[in-house]
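Student: Residue numbers (our numbering): 1 to 126.
Let me give you the structure first, and then I'll get to my questions.
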Amino acid sequence: MQTSEEELLRERVNTRCLSLPEAQVERPSGLHSTFLVRGKKFAYYLVDHHGDGRITVCARVAPGEQYRLAAEDPGRFFVPSYIGPRGWAGYYLDGADVDWDVVERLVADSYLMAAPKRLAAQLRRP
Numbered sequence: 001m002q003t004s005e006e007e008l009l010r011e012r013v014n015t016r017c018l019s020l021p022e023a024q025v026e027r028p029s030g031l032h033s034t035f036l037v038r039g040k041k042f043a044y045y046l047v048d049h050h051g052d053g054r055i056t057v058c059a060r061v062a063p064g065e066q067y068r069l070a071a072e073d074p075g076r077f078f079v080p081s082y083i084g085p086r087g088w089a090g091y092y093l094d095g096a097d098v099d100w101d102v103v104e105r106l107v108a109d110s111y112l113m114a115a116p117k118r119l120a121a122q123l124r125r126p
């Protein structure tokens, strides 16, 4: 059973991810959610993944960026098991100092990497 903190964090991640053009969610119940655009994954919401006891969001990043982020701010960022070496970074959502602007940028940048050009153009920043 989810705690109220897990439900609140899931809702905040859902709101950000599903506000992106044609974004969809798989497995919206249970512990984890997968966010996709036209069948390509761009984010994960994870609870106690592999027994780590944490609530996190994972997103695609530029090659090598996951290692830089985790080294510069290990209290917020980490390299996730399995998907991390393939270009994904994780962000801890259950800490006291969550920066939701960072989460939003992380998810949006990941979306831009996964989305077709036409959809990505709707989100591009000037």
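Don't be surprised by glycine CBs; every beta carbon is placed ideally from N, CA and C.
#1: Pull up the distance between the alpha-carbon of Ala120 and that of Leu112, whole angstroms please.
#2: Please list the terminal residues of the continuous beta strand (DSSP E) segment that includes Tyr45.
#3: Less than 9 Å between the beta carbons of Arg183 and Glu72, yes or no?
#4: For Leu9, does the count of other Cβ atoms within 10 angstroms reach 16, so buried, or fall short, so exposed?
#5: Please classify Tyr82 as buried or exposed, where buried requires at least 16 other C-beta atoms within 10 Å of its C-beta.
#6: Quick one: what does DSSP say Val25 is sitting in, helix, strand or coil?
#7: Can you confirm whether the stretch 45–61 touches the stretch 30–37 when touching is taken to mean that 3 or more C-beta pairs between the two stretches lie within less than 8 Å?
Tutor: If we stick to the structure as given:
#1: Going from the Cα of Ala120 to the Cα of Leu112 covers about 5 Å.
#2: DSSP places Tyr45 inside the beta strand (DSSP E), whose first and last residues are 40–47.
#3: Beyond the ends of the chain as shown, which are 1 and 126, falls residue 183; an answer cannot be given.
#4: With 16 or more other Cβ atoms from the protein chains shown falling within 10 Å of its own Cβ, Leu9 counts as buried.
#5: So Tyr82 ends up on the exposed side.
#6: Of the three classes helix, strand and coil, the one that applies to Val25 here is strand, per DSSP.
#7: Yes, since at least three Cβ pairs between the stretch 30–37 and the stretch 45–61 fall closer than 8 Å, the two stretches touch.
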